[in-house]
Structures are given as structure tokens and as C-alpha cells.
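Mapped onto the numbering used here, the consecutive letters of the sequence shown carry residue numbers 114 to 208.
Note sheet for the following structure.
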Amino acid sequence: ALCGKAAISWAVEHQPDLVILDLVLPDMDGHKVCQELRRLYSFWALPVLILTAKNQPIDQLRGFAHGADAYMTKPFESGELLRTVALLVGNTAPA
Numbered sequence: 114a115l116c117g118k119a120a121i122s123w124a125v126e127h128q129p130d131l132v133i134l135d136l137v138l139p140d141m142d143g144h145k146v147c148q149e150l151r152r153l154y155s156f157w158a159l160p161v162l163i164l165t166a167k168n169q170p171i172d173q174l175r176g177f178a179h180g181a182d183a184y185m186t187k188p189f190e191s192g193e194l195l196r197t198v199a200l201l202v203g204n205t206a207p208a
């Protein structure tokens, strides 16, 4: 989804196994999207990975405070992303 409201609606309809979320969205802050997903799915284990260019320690702390399970900054290594996704969805991490 290209914006936060669409991402929340899509997640409600499709119940994904994982959400990869940027913090900079055109319609709402990614932290608020994460917080809303946590509110909607408190009963459902929905892993949220924040993947963003925001690399300040306060951004990471806010991400975890709003419910993120993992936080990665851009640029990133594809192997690191694959390992993180595998861990979040409960699969064996690729080598």
C-alpha cells in the first residue's frame, strides 16, 4: 500500500503474515500505522518490521514503543532483510 490508511484497510481485509512498514508515509506517520495495527490485532500475532531511512536512536525507540517487532534502516543488505523476515514469520533463517 502507498499510504497508511490503505495499509491498515488492506491488513484488515487480508490478514497478512507480516507487515513491512516505512515511517514516512503521505497521509499519516508510520508509527501511528503500527500503533493502529497493534490496536486492531491485539489477538493476532502480526509481526511488524519497520524499514525506513530514519536512523536516529529515538526513531528506533519510538518504533518499538509503538509495537514494531524489528527495525531496519535503509540502505540495507538483502540477506539481512531475508533473515529478519524469516525470523519474524517463524521460518528458519536463510544462510
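Using N, Cα and C, we set each Cβ at its ideal position, and we do this for glycine too.
Here DSSP, grouped into helix, strand and coil, assigns A183 to strand. Contact between the segment 130-147 and the segment 173-185 is present: three or more C-beta pairs spanning the two stretches fall below 8 Å.
The residue among A114, T186, Q173 and A124 with its C-alpha nearest the C-alpha of A158 is A124. By the Cβ rule, the segment 166-178 does not count as touching the segment 116-130, because fewer than three pairs are nearer than 8 Å. Pairing D140 with L194, the inter-Cα distance amounts to about 26 Å. Scanning L162, I121 and K187 for the CA closest to the CA of L153 turns up I121. In the three-state DSSP reduction, L153 falls in the helix class (H, G or I). In the same chain as L201, and ignoring 5 residues on each side of it, the C-beta atoms closer than 8 Å to its own belong to L131, P160, L162, D182 and A183, in chain order. Note on G176: 16 or more other CB atoms within 10 angstroms of its CB, so buried under the neighbour-count rule.
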